[in-house]
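35 is the number of the first residue of the first sequence in my numbering; add one for each residue after it. Positions of the beta carbon are idealized from the N, C-alpha and C atoms, including for glycine.
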Amino acid sequence: MNQIKQIYDILAKFYAPQHWWPVTSKGKANPEYCDGPKNEKQELEVIFGAILTQNTSWKNVEKAIINLNKKNLMDAIKIIEIDNKNLAEMIKSSGYHNQKAKKLKNFCAFLLKNYNGSLKNLFGNELQKLRDELLSVNGIGPETADSIILYAAKKPIFVVDAYTGRIWSRITYDEKNNEKSYEGNYGKLQKLFMESLEQDTQLFNEYHALLVELGKNICKKKPLCENCPLNEMCGYAKNRNF
DNA sequence: GCCCAGGCTTAAA
DNA sequence: TTTAAGCATGGG
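Structure, rendered in structure tokens:
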């Protein structure tokens, strides 16, 4: 078994199932209702969440999502119609709110113009075409695009994030690889993970979520190697005598 | 007060 | 083609 699969198995035993992507219900964050979107409105919520969580903790995003739901703004046309300042104020808690307000509008304008406002139409594209389309929107980069593809469109693509880079850099840490060898190398990491695993949406879903959990709580900037289920296979942990 | 968070764009070297 | 600055709130 390759190391990437091995890591998944260890994490899946170490942590409970993650049930990503979290979706709110009835205007509230609802932890019982978080196995991904069930309709287009919730798919749109996943997309907005993916944009709002750029370089931002989910806690701060959740408040913004709740606000949008309360004002009935999970709707591409309504987002286009509301003015920038109003929208920015609504999503203030998610940080970079002025930029992110524009990003939400950019996506909605794109959806209305090219796909008649229909996510079903957009998601009808082949995976690669869908990715290219998403990346053409100003404000959507590789991680946001892939999150949308995996968690809203439910097509198999591996989402790489800062945690993935940090964790893999530390696992492979040795004389040649330093602690940041794989940071900021999106394509290389994505290829590595996708070539090591079956192309399975649910697997990619859970794996990414597990890496986030590990990155947030154990493999932090200052890592807690003593608590880490991967420390026996981790070059960085070994180097620190764990 | 300082550090960090589920990135992306733009402009300069 | 790589690197830096700017964006900004909220929690530890």
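### Message
If I follow the unbroken alpha helix (DSSP H) through W54, where does it start and stop?
### Response
No alpha helix (DSSP H) contains W54, which DSSP labels as neither H nor E.
### Message
Just to confirm before moving on: does the CB-CB distance between Y197 and C253 stay below 8 Å?
### Response
yes
### Query
Are the stretch 207-216 and the stretch 250-264 touching, with three or more C-beta to C-beta distances below 8 Å?
no
### Query
Taking V80 as the reference, which of A135, I183, N101, I116 has the closest Cα?
I183
### Task
Look at the alpha carbon of N265 and the alpha carbon of T178, and state the distance between them as a whole number of angstroms.
30 Å
### Query
Run through DSSP, which three-state label would D109 get?
coil
### Task
May I ask you to report which of helix, strand or coil DSSP gives G129?
coil
### Task
Output the distance between the C-alpha atoms of D234 and M228, rounded to the nearest integer angstrom.
10 Å
### Task
Within the same chain, show all residues whose beta-carbon is closer than 8 Å to that of A271, passing over the 5 residues directly before and after it, in chain order.
R204, P257, C259, C262, L264, N265
#### Entry: T58 beta carbon less than 8 Å from that of N103
yes
### Task
Use the C-beta contact count for S91: other C-beta atoms within 10 angstroms, 16 or more gives buried, fewer gives exposed.
exposed
### Task
Return helix, strand or coil for C259, following the three-state DSSP convention.
helix
#### Entry: Supposed close pair L244, L45 - CB separation, criterion 8 Å
4 Å
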